[in-house]
Structure formats: C-alpha cells, structure tokens
Amino acid sequence: SGNGDWTSIPTAAVRANGIDYVHYFNMRNWTGWITNYSGMYKSTDNGQTWQKCETITFSSNSPFGQGGYFKKDGYVYMIGTQTGRDSKAVLARFREQDIENRERYEYWNGSSGQWITGDENQATVVIDDKVGELSFIYNETFSKWFIAYFNGDRYNITMRTAEQVTGPWSEPYELAAGKDYAQLYGSYFHPLSVSGESLYFLMSMWMPYNVFLMKVEMADMGKFQN
Numbered sequence: 202s203g204n205g206d207w208t209s210i211p212t213a214a215v216r217a218n219g220i221d222y223v224h225y226f227n228m229r230n231w232t233g234w235i236t237n238y239s240g241m242y243k244s245t246d247n248g249q250t251w252q253k254c255e256t257i258t259f260s261s262n263s264p265f266g267q268g269g270y271f272k273k274d275g276y277v278y279m280i281g282t283q284t285g286r287d288s289k290a291v292l293a294r295f296r297e298q299d300i301e302n303r304e305r306y307e308y309w310n311g312s313s314g315q316w317i318t319g320d321e322n323q324a325t326v327v328i329d330d331k332v333g334e335l336s337f338i339y340n341e342t343f344s345k346w347f348i349a350y351f352n353g354d355r356y357n358i359t360m361r362t363a364e365q366v367t368g369p370w371s372e373p374y375e376l377a378a379g380k381d382y383a384q385l386y387g388s389y390f391h392p393l394s395v396s397g398e399s400l401y402f403l404m405s406m407w408m409p410y411n412v413f414l415m416k417v418e419m420a421d422m423g424k425f426q427n
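Take the sequence shown: its letter number 1 is residue 202 in the working numbering, and every next letter is one higher.
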C-alpha cells in the first residue's frame with residue numbers, strides 16, 4: 202500500500218457518441234480501499250491514445266466510484282457502487298452525448314419512482330447486497346437484464362436478473378463459487394451475451410493471476426428461464 206496518487210484502476214468501459222470511454226478510480230491506499238476520486242479517460246482514435254476527461258470527477262465517497270455501463274433505448278445506463286466490495290448498487294442514465302456532463306445525468310429514485318437530474322444523492326438502492334466489481338447487460342432472447350458481480354460474503358460470482366433495469370432484481374444466483382475457483386474475482390459479460398441462450402463472462406483468479414472466459418448455459422439455470 203501507499204499514500205497519495207498510488208495507482209489508477211479501470212472499472213468499466215463504453216463507446217458513446219463515437220468515442221471510447223474508460224471509468225476508473227484513483228487509489229490512495231489499498232488498506233481500507235481508500236481512493237482519491239474516480240474519473241474517466243477517453244479515446245477518439247480507437248484506443249491508440251487516451252486523454253483525461255477533466256470535466257467529470259466522482260468524489261472518493263461517491264456511489265458511482267465503481268460501475269458498469271450498458272446502452273439501450275437511446276440512453277447509457279450506469280449501475281454504480283462506492284469503491285470497494287462492500288456497498289449497495291445504485292442506478293443512473295444519460296444520453297450518449299452527455300457522458301462528460303454530469304449535470305445531465307439522471308439518477309433513479311425508487312422512493313418517488315422518478316429519474317432525478319443532476320444530484321447523485323437522490324439515487325436509491327436498486328440492489329441491496331455487497332456488490333463488488335460488476336457488469337450488466339440486456340439479453341434480447343430472454344428480454345431480461347442480467348447483472349454479475351463479485352460478492353465477498355458468499356465468496357462467489359453472483360448473478361441477478363430483472364425485467365426492468367430499475368428492478369426489482371431477482372434473488373442471487375451463483376455463477377461461479379470460490380470453492381471451485383480459488384481466489385476468484387471480477388465478472389464482466391462478453392458482448393455475445395446480449396442474445397442467445399448462453400452467457401459468457403470473464404472471471405479473474407488471483408492465482409494463477411489470469412483471466413478466464415466462462416460459459417453458462419441458461420437451460421441449466423431453471424428459475425431464470427422464460
């Protein structure tokens with residue numbers, strides 16, 4: 202561990218308005234997972250060079266310090282958590298052209314059933330669980346949203362589904378267990394998972410410190426079938 206500007210870790214990526222964006226957090230001290238802030242980089246040349254997005258920053262305690270993106274129906278949806286693996290998930294959306302303008306972000310407020318513009322503190326919990334690194338997609342074959350994330354308490358890769366991205370989200374389903382894949386983490390859906398009856402996701406393991414492509418057949422997941 203260290204102090205100050207220790208390192209930056211990417212948490213999600215999306216192509217919006219013809220530009221590639223990466224969301225990241227800037228680590229201050231790994232002990233306690235203390236960050237300085239979260240932000241974004243962008244590339245206008247298909248990833249050859251990257252520039253920091255100076256207009257968009259998330260504070261160290263923002264509920265969008267980590268997150269995932271998915272584009273649907275003219276919006277980019279963002280499910281976020283505080284940095285680390287112990288916080289609950291919240292939801293935002295914005296138009297592609299507004300990705301660098303947080304004043305135009307809309308936050309889902311379940312209490313009012315409305316999208317609230319410009320105030321992340323209005324975002325209410327959509328997944329009441331300890332949500333680690335995550336990704337989410339909409340699968341056209343099943344007409345459902347799928348989210349996958351690391352959960353430290355269950356020591357697994359957890360999946361949930363929903364008819365609407367605002368929820369309610371299903372009970373947890375275990376995609377991969379730590380007893381079978383020691384020191385597992387990460388859970389990032391492959392783009393092929395947006396259709397068809399198979400889910401593909403990337404899972405990391407600390408030992409051998411590598412990333413593996415995993416496949417789940419929906420036919421084996423009874424209660425999640427249509």
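The beta-carbon is built from N, C-alpha and C at its ideal position, and this holds for glycine as well.
Cβ-Cβ distance between residue i and residue j below 7 Å
{"i": "G275", "j": "V291", "result": "no"}
{"i": "Y238", "j": "V223", "result": "no"}
{"i": "T362", "j": "K345", "result": "yes"}
{"i": "L403", "j": "Y386", "result": "no"}
{"i": "G333", "j": "R286", "result": "yes"}
{"i": "S396", "j": "T342", "result": "yes"}
{"i": "A349", "j": "L376", "result": "yes"}
Residue i burial status per 10 Å Cβ neighbour count (16 or more: buried)
{"i": "N179", "result": "Beyond the ends of the chain as shown, which are 202 and 427, falls residue 179; an answer cannot be given."}
{"i": "Q267", "result": "buried"}
{"i": "N247", "result": "exposed"}
{"i": "P409", "result": "exposed"}
{"i": "E307", "result": "buried"}
{"i": "S336", "result": "buried"}
{"i": "Q298", "result": "exposed"}
{"i": "Q315", "result": "exposed"}
{"i": "R305", "result": "exposed"}
Limits of the beta strand (DSSP E) - the one that residue i falls within
{"i": "H391", "result": "Per DSSP, H391 belongs to no beta strand (DSSP E) and is neither H nor E."}
{"i": "W208", "result": "The question names Trp, but residue 208 in the sequence shown is Thr. Run containing T208: T208 to A217, per the beta strand (DSSP E) assignment."}
{"i": "V417", "result": "N411 to E418"}
{"i": "E375", "result": "Y374 to A378"}
{"i": "R361", "result": "N357 to A363"}
{"i": "V223", "result": "I220 to N230"}
In chain order, each alpha helix (DSSP H) run of at least 4 residues that lies wholly inside the region 277-348: none
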